[in-house]
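Peer 1: My questions all concern the structure below.
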Amino acid sequence: MDENPTFEYQALESDMKSLAAEVKRSRENAELRNSSERELVKEAIRAFPRLNHVEHPAPPVPSPASVQAAANSPLPDYAQSAPAEVKLEIEYLLDLVFQHGIGKALSESEKSPYFVQDAFHDALAGKLYPELQRRGIVK
1 MDENPTFEYQ
11 ALESDMKSLA
21 AEVKRSRENA
31 ELRNSSEREL
41 VKEAIRAFPR
51 LNHVEHPAPP
61 VPSPASVQAA
71 ANSPLPDYAQ
81 SAPAEVKLEI
91 EYLLDLVFQH
101 GIGKALSESE
111 KSPYFVQDAF
121 HDALAGKLYP
131 ELQRRGIVK
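With this note's numbering applied, the sequence shown covers 1 to 139.
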């Protein structure tokens with residue numbers, strides 16, 4: 001997504017509808033009633049339906065040259081100082097969302113260490129939050 005999200009990723013359209021439903025369910029959860037809108041999005045991502053998929057070899061990880069500068073990085077602040085391999089893995093998972101959908105990326109992330117999974121969830125919430133706001137799903 002760019003700074004002015006037009007959300008041209010058609011592969012994500014059905015995922016966005018599912019994510020909206022998960023946000024609504026999260027909002028109705030008594031334990032999350034006092035949570036921020038951004039936290040609701042993170043919880044919805046964690047609860048997002050996983051794909052039952054056939055195992056395919058992973059596409060190549062982007063080269064270090066393709067990693068964005070920290071100021072423009074989609075990574076959460078706490079992941080900025082992570083080793084380059086970890087940053088690349090998180091960015092690979094983000095790319096996977098826009099190529100194959102949220103469910104595929106979440107399934108792939110389950111192979112990663114918890115730190116990578118958590119940073120991926122946070123980064124994805126940050127990337128999708130503006131679009132969810134634009135659609136009126138979150139405030």
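Cβ atoms here follow ideal geometry from the backbone N, Cα and C, with glycine treated the same way.
#1: What does the alpha-carbon distance come out to for the pair residue 94 and residue 78?
#2: Can you give the Cα-Cα distance for residue 133 and residue 38, rounded to whole angstroms?
#3: With distance defined between alpha-carbon atoms, name the residue in 75, 97, 108 nearest to residue 14.
#4: Does the Cβ-Cβ distance between residue 106 and residue 87 come in under 8 Å?
#5: Roughly how many whole angstroms lie between the Cα atoms of residue 45 and residue 84?
#6: With a threshold of 16 other CB atoms inside 10 Å of the CB of residue 30, please say whether the residue is buried or exposed.
Peer 2: Answer, in terms of the structure:
#1: One C-alpha to the other measures close to 17 Å.
#2: Looking at the backbone, the Cα of residue 133 and that of residue 38 are separated by about 10 Å.
#3: Nearest Cα to residue 14 within the set 75, 97, 108: 97.
#4: Not closer than 8 Å, so no.
#5: Taking the Cα positions, residue 45 is about 25 Å away from residue 84.
#6: By the 10 Å Cβ count, residue 30 comes out exposed.
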